[in-house]
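**Student:**
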Amino acid sequence: MSTHTTAAGGVQVCSLKRDTPQTIPANSPYTVIRFPFGSAESSDAFAMHQVNQPDGYVISSWDTDPRSGLIWPSVSGWGTLHAMIQWEAGNYGELRDQFVRDPLGLTPNPNDTTATEHRPPSPGMQCWTKSWGIFVNPSVPLAVRATHDDSVARKIVLAEFKLVIHGAAA
Numbered sequence: 001m002s003t004h005t006t007a008a009g010g011v012q013v014c015s016l017k018r019d020t021p022q023t024i025p026a027n028s029p030y031t032v033i034r035f036p037f038g039s040a041e042s043s044d045a046f047a048m049h050q051v052n053q054p055d056g057y058v059i060s061s062w063d064t065d066p067r068s069g070l071i072w073p074s075v076s077g078w079g080t081l082h083a084m085i086q087w088e089a090g091n092y093g094e095l096r097d098q099f100v101r102d103p104l105g106l107t108p109n110p111n112d113t114t115a116t117e118h119r120p121p122s123p124g125m126q127c128w129t130k131s132w133g134i135f136v137n138p139s140v141p142l143a144v145r146a147t148h149d150d151s152v153a154r155k156i157v158l159a160e161f162k163l164v165i166h167g168a169a170a
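Position 69 (the sequence shown) corresponds to 69 in the UniProt record's numbering; numbering is contiguous.
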């Protein structure tokens, strides 16, 4: 795992990368993109993406448990979310993605979505990036999720999800 640390000013970062395919069912509801723990391309110096979740839940299989897609902010503050999603080529009419606070109903205010985008496909592989600023709180996990409208299951072949908390006390 990379050990990127904060810069002056108390910036805290969690940077996740998935480089194995994740299948998204045909015409499914939004699906949380799942990320491995301890990946060489990931960085989690502030323990925001851990097997042992802050609420006591322990993830046994990152590739099947949607909780492996959660980032639990380390502190409250202003956060910037970043995502990169690459889909395999397919017969899409539309690709959809969004950031979401509490996508799994772990708090009294679940499925608080933001930065939802519905995108027409481009020729070939579908490659998208997005950024969005939001207030974050350690008791509310964050995720990026996606879906498509192809008539068959399709794969996300590469994904990244990052949270940068600005002005956090180091």
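Quick reminder that beta carbons are idealized off the backbone N, C-alpha and C, glycines included.
Taking Cβ positions, are Ala159 and Arg18 nearer each other than 8 Å?
**Tutor:** yes
**Student:** Alpha carbon to alpha carbon, how far is Ser131 from Ser15? Give it in angstroms, no decimals.
**Tutor:** 13 Å
**Student:** When you compare only the Cα positions, how much space is there between Leu104 and Pro110?
**Tutor:** 7 Å
**Student:** Using a Cβ-Cβ cut-off of 7 Å (strictly less than) and excluding sequence neighbours within five positions of His118, which residues of its own chain qualify?
**Tutor:** Answer for His118: Glu94, Arg96, listed in chain order.
**Student:** From the DSSP output, in three-state form, read off Arg34 for me.
**Tutor:** coil
**Student:** Please return the same chain residues whose Cβ sits closer than 6 Å to the Cβ of Ala143, not counting the five positions on each side in sequence.
**Tutor:** Excluding residues up to 5 positions away in sequence, Val32, Gly69, Leu70, Val100, Pro103 lie with their Cβ nearer than 6 Å to the Cβ of Ala143 in the same chain.
**Student:** Rounded to the nearest angstrom, what separates Ala115 and Lys162 at their Cα positions?
**Tutor:** 14 Å
**Student:** Do Asp44 and Gly90 have their CB atoms nearer than 8 Å?
**Tutor:** No. Outside cutoff.
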